[in-house]
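Residue numbers (this note's numbering): 33 to 113. Cβ atoms here follow ideal geometry from the backbone N, Cα and C, with glycine treated the same way. Have a look at the structure below before the remarks.
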């Protein structure tokens with residue numbers, strides 16, 4: 033599924049329009065429409081990368097740290113000290 037996001041600037045405020053076309057034909061039609069109006073746009077596919085790579089790297093590093101014993105254990109009563 034392709035995501036279509038358009039940001040339109042109007043009187044010093046930005047409006048974001050998010051459309052969720054379900055077919056390639058719908059996505060192509062949206063792109064053609066926006067191009068015809070000479071509006072800048074970008075197309076991203078959330079299926080390609082659903083998460084930010086920095087976030088994924090941190091999670092994977094945490095898994096490695098836990099597997100190698102590189103972690104600390106805190107008791108609940110120590111959290112508020």
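By a C-beta neighbour count over all protein chains shown, 10 Å radius and 16 as the cutoff for buried, is residue i buried or exposed?
i: residue 104; result: exposed
i: residue 46; result: exposed
i: residue 64; result: exposed
i: residue 59; result: buried
Just reading off the beta strand (DSSP E) that residue i is part of, what are its end residues?
i: residue 75; result: 74-76
Taking only three categories from DSSP, how would you classify residue i?
i: residue 105; result: coil
i: residue 49; result: strand
i: residue 71; result: coil
I'd like the span of the alpha helix (DSSP H) that includes residue i, first residue to last.
i: residue 57; result: 56-68
i: residue 113; result: Careful: residue 113 lies outside any alpha helix (DSSP H) and carries neither H nor E.
Just to confirm my understanding: we take residue i, look at its own chain, exclude 5 residues before and 5 after, and list those with CB closer than 7 Å. What are they?
i: residue 97; result: 103
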